[in-house]
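Enquirer:
2 protein chains.
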Amino acid sequence: MGVTRNRVARAFAVLEAFTPERPSLALSEVARRAALPLTTTHRLLAELCAAGALERDGDGTYRIGLRLWEIASLAPRGVPLREAALPFLEDLYEVTHENAQLGVREGHDVVYIERIAGRRAVGVLTRVGGRFPLHASGIGLVLLAHAPESVQRGVLEGPLRRFTDHTITDPARLRRVLAEVRRDGVAVSDRQVTDDALSVAAPITDLSVVAAASGAVAERLAPAVRAAALGTSRALSARRPE
Amino acid sequence: MGVTRNRVARAFAVLEAFTPERPSLALSEVARRAALPLTTTHRLLAELCAAGALERDGDGTYRIGLRLWEIASLAPRGVPLREAALPFLEDLYEVTHENAQLGVREGHDVVYIERIAGRRAVGVLTRVGGRFPLHASGIGLVLLAHAPESVQRGVLEGPLRRFTDHTITDPARLRRVLAEVRRDGVAVSDRQVTDDALSVAAPITDLSVVAAASGAVAERLAPAVRAAALGTSRALSARRPE
Chain C
1 MGVTRNRVAR
11 AFAVLEAFTP
21 ERPSLALSEV
31 ARRAALPLTT
41 THRLLAELCA
51 AGALERDGDG
61 TYRIGLRLWE
71 IASLAPRGVP
81 LREAALPFLE
91 DLYEVTHENA
101 QLGVREGHDV
111 VYIERIAGRR
121 AVGVLTRVGG
131 RFPLHASGIG
141 LVLLAHAPES
151 VQRGVLEGPL
161 RRFTDHTITD
171 PARLRRVLAE
181 VRRDGVAVSD
191 RQVTDDALSV
201 AAPITDLSVV
211 AAASGAVAER
221 LAPAVRAAAL
231 GTSRALSARR
241 PE
Chain Z
243 MGVTRNRVAR
253 AFAVLEAFTP
263 ERPSLALSEV
273 ARRAALPLTT
283 THRLLAELCA
293 AGALERDGDG
303 TYRIGLRLWE
313 IASLAPRGVP
323 LREAALPFLE
333 DLYEVTHENA
343 QLGVREGHDV
353 VYIERIAGRR
363 AVGVLTRVGG
373 RFPLHASGIG
383 LVLLAHAPES
393 VQRGVLEGPL
403 RRFTDHTITD
413 PARLRRVLAE
423 VRRDGVAVSD
433 RQVTDDALSV
443 AAPITDLSVV
453 AAASGAVAER
463 LAPAVRAAAL
473 GTSRALSARR
483 PE
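Protein chains in written order, with the working numbering: chain C, 1 to 242; chain Z, 243 to 484.
What follows is the structure, encoded as C-alpha cells:
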C-alpha cells in the first residue's frame, strides 16, 4: 500500500489515478487507484489542489488543474517541439485534409504531441497526450525503425498486439518492414490500426519524430509528409544555437 | 526559505522554477529559484525524475518531463477543450490564414490553450501554455467582459499595463469597451498588444473561451470568428451528457 514510496512518488500516484477514461474522480476512487489509505489521499489531494495541480469540481470530484498543464507545456518534447512542427503540419493538413500528427517515442510506445484534423478527416484512435504501441501505426513504425537496437529487440521479443487482420504480429516480418522503412524514408501503415485508415509517416532528423497523414493513398501522401518532416528538421536545426 | 511549505508544495516550487525563458536548469539554479536549500532541492529533483515529472539532460541540467505533460494533458480546460474547438479553429484558419487561438481565463490572465498558425501569419507574443493580461488582447477582452463582477473590478482597479499607444489603460474607457463587447458579441483589439496586429475574438458559451484571429480587418473576420465560437459551443453542449 505504498509504504515504501516517498511523498513525491505518492503525490504522483495520485495524479496518475486520472486517465482519459476517468478524468474526474472522487476521493475514494483516487485512494483505490493510487493504492493509498484514505487519510493520506485526502491530505495529498488538498496539497495538490493548493499547488494548482488539481482542481475541485462543484460536485466534490477532482480533476487535473490548468496550472499543471501550464508547467507541463514547457516539456521540450511537448509544446516547444510542436511549435516548431506546427507550420509544416498546417501545410500538410491543407494539402491532404487528413489527420496530420506528430509523435515522439517513450519506451515501447508513441506519445502523440499534436494532431490536426478537420471535421471531414477520418476518425482515429489517437489523442494528444495519448499513447499507442510502436508496431502498429505509421508514426510508431518510423520511430521503431530509428530506435536504439535494444528498444527494437524489446518490441520484437514482446507480444505484438493485433488490432486488425493487417497488424504485423510476426517478429520476422516486422524486422523486414523496419528495414524497408529505414531504406525508403517513410513508413506506411495500411489498415494496421483500424480497418478504414492508412497512415504515412516520415522521421524528423535527430529526434525520431514523425508527421503522419492517414486516410488516403500512400504514394500521393508520401512527398507531402516527407516535406513536412524535412521542414521541421530544418526549423529545429536553425533553433539549436540559441 | 520554504520551511513552512509541505513536501508537495516544495516539489511544485521546484517544477515552477522552470519557465519559457529558462526551460533547462542546473541544480543550483533550481535551488535559488525555488528558495530551497541545495540538499532538499537535490532530493526533490531525484524524486521528480523518478516520477517522470522531470528529465535529466546529458549535460546534467534538468527539464520538464514528457510524463508530466501526458498527465497534464487531461486537464479539462486544456487538451479536451482544445479537441472540441480544433475543427472550428481549423476552419477559421483556412478562411483567414491568420493566427487562430483559443484561451481560458485564470485569475486576471488569459492562458492560451491553442494557437494554429501558418508560416505566413503575423508574429504574435502568445505561446501555448503562456499567460497574458486580460485587458489588452481580443481574447482577454472577451474573457474579461464575461468574467464575474469581482474579477472585472479587480482588473479595473489594478494597474493596466501599456503595451502600445493603443492599449486601453484608462479604467473608465475600459469599462465602456467591455460593455460594447457584451453588446456586440465580439471584441476587437486593434494594435493594443503589438503595433502590427489586430485580433477579433468571440466567447464560447458557458466557458468564456474565445477563438481569435489576428492581423486583418475586423469586419471581415468577425463572422468567421463568431462561427468558430458557436460551433465549439455546440460541440461542447452535445458532449455534456457523457
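Even for Gly, the Cβ is constructed at its ideal location relative to N, Cα and C.
Among His135(C), Val79(C), Ala201(C) and Ala202(C), which residue has its Cα nearest to the Cα of Thr169(C)?
Expert: For the set His135(C), Val79(C), Ala201(C) and Ala202(C), the Cα lying nearest the Cα of Thr169(C) is the one of His135(C).
Enquirer: Which residues of chain C have a Cβ atom closer than 7 Å to the Cβ of Leu257(Z), listed in chain order?
Expert: Ile71
Enquirer: From the beta carbon of Thr164(C), is the nearest beta carbon of chain Z less than 9 Å away?
Expert: no
Enquirer: Would you say Ala31(C) lies against chain Z (beta-carbon separation less than 9 Å)?
Expert: no
Enquirer: Going by DSSP, what residues sit across from Leu296(Z) in a beta bridge?
Expert: In the DSSP output, where bridge partners are listed per residue, Leu296(Z) has Ile306(Z).
Enquirer: Determine whether the Cβ of Phe132(C) lies closer than 9 Å to any Cβ atom of chain Z.
Expert: At a cut-off of 9 Å, the C-beta of Phe132(C) has no neighbouring C-beta in chain Z.
Enquirer: If you follow the alpha helix (DSSP H) that Phe163(C) is part of, which residue opens it and which one closes it?
Expert: Segment: none, Phe163(C) is in no alpha helix (DSSP H) and carries neither H nor E.
Enquirer: Where does Phe260(Z) fall in DSSP's three states?
Expert: coil
Enquirer: Against Gly129(C), what residues of chain Z qualify as contacts under a CB-to-CB distance less than 9 Å, listed in chain order?
Expert: Trp311, Glu312, Ile313, Ala314, Ser315, Leu316, Gly320 and Val321
Enquirer: Within this structure, are the beta carbons of Val186(C) and Ala202(C) separated by less than 9 Å?
Expert: Between Val186(C) and Ala202(C), the C-beta spacing is below 9 Å.
Enquirer: Cβ closer than 8 Å: which chain Z residues qualify as neighbours of Ile116(C)?
Expert: Here the neighbours are Leu328, Glu332 and Ile358.
Enquirer: So what's Leu376(Z) in DSSP terms, helix, strand or just coil?
Expert: DSSP places Leu376(Z) in coil when its eight states are reduced to three.
Enquirer: Between the beta-carbon of Asp190(C) and the beta-carbon of His166(C), is there less than 9 Å?
Expert: Yes, the pair counts as a contact, with Cβ atoms nearer than the cut-off.
Enquirer: Would a C-beta distance cut-off of 9 Å place Ala318(Z) and Asp351(Z) closer than the cut-off?
Expert: Ala is not the amino acid found at residue 318(Z); the sequence shown has Pro there. Against a cut-off of 9 Å, the Cβ pair of Asp351(Z) and Pro318(Z) comes out as no contact.
Enquirer: Going by other Cβ atoms of all chains shown within 10 Å of its Cβ, with 16 needed for buried, is Arg404(Z) buried or exposed?
Expert: exposed
Enquirer: What's the call for Ala51(C), buried or exposed, on a 16-neighbour Cβ count within 10 Å?
Expert: Ala51(C) should be labelled buried.
Enquirer: If you follow the beta strand (DSSP E) that Pro445(Z) is in, where does it begin and where does it stop?
Expert: Per DSSP, the continuous beta strand (DSSP E) segment holding Pro445(Z) begins and ends at Leu440 to Ile446.
Enquirer: Can you round the beta-carbon distance between Leu15(C) and Tyr62(C) to whole angstroms, since I take them to be within the 8 Å contact cut?
Expert: Not confirmed; about 10 Å, so no contact.
Enquirer: Starting from the beta carbon of Asn99(C), find every residue of chain Z whose beta carbon is closer than 8 Å, and list them in chain order.
Expert: By Cβ distance, chain Z contributes nothing, its closest Cβ being about 11 Å from Asn99(C), past 8 Å.
Enquirer: For Val337(Z), which residues from the same chain have a beta carbon less than 6 Å from its beta carbon, with the 5 sequence-adjacent residues on both sides left out?
Expert: Ala466.
Enquirer: Between Arg226(C) and chain Z, is any beta-carbon pair separated by less than 9 Å?
Expert: no
Enquirer: Among all the DSSP beta bridges, which residues are the ones paired with Ala314(Z)?
Expert: DSSP output for Ala314(Z) lists no bridge partner at all.
Enquirer: Beta carbons nearer than 7 Å to chain Z: which residues of the segment 39-53 of chain C have them?
Expert: Leu44, Glu47, Leu48, Ala50, Ala51 and Ala53
Enquirer: Starting from the beta carbon of Val353(Z), find every residue of chain C whose beta carbon is closer than 7 Å, and list them in chain order.
Expert: Leu66 and Glu70
Enquirer: Whole angstroms are fine: how far does the CA of Phe254(Z) sit from the CA of Gly154(C)?
Expert: 35 Å
Enquirer: Just checking my contact of Arg175(C) with Leu160(C) at CB under 8 Å: how many whole Å lie between their CB atoms?
Expert: With 8 Å as the limit, Arg175(C) and Leu160(C) do not qualify as a contact, their Cβ atoms being about 11 Å apart.
Enquirer: How long is the line joining the alpha carbons of Asn248(Z) and Thr283(Z), rounded to whole angstroms?
Expert: Between the alpha carbons of Asn248(Z) and Thr283(Z) lies a gap of roughly 13 Å.
Enquirer: Would you call the segment 311-328 of chain Z and the segment 65-80 of chain C touching, i.e. three or more CB-CB distances under 8 Å?
Expert: yes
Enquirer: From Ser441(Z) to Ser150(C), what distance separates their C-alpha atoms?
Expert: 50 Å
Enquirer: In whole angstroms, give me the CA-to-CA distance for Gly371(Z) and Glu356(Z).
Expert: 8 Å
Enquirer: Determine, for Glu149(C), whether the minimum Cβ-Cβ distance to residues of chain Z falls below 9 Å.
Expert: no
Enquirer: Is Arg275(Z) near the ligand GTP, in the sense that its beta carbon is under 8 Å from a heavy atom of that ligand?
Expert: The ligand GTP is not part of this structure, which contains no ligands at all.
Enquirer: Any C-beta of chain Z sitting closer than 9 Å to the C-beta of Ser24(C)?
Expert: yes
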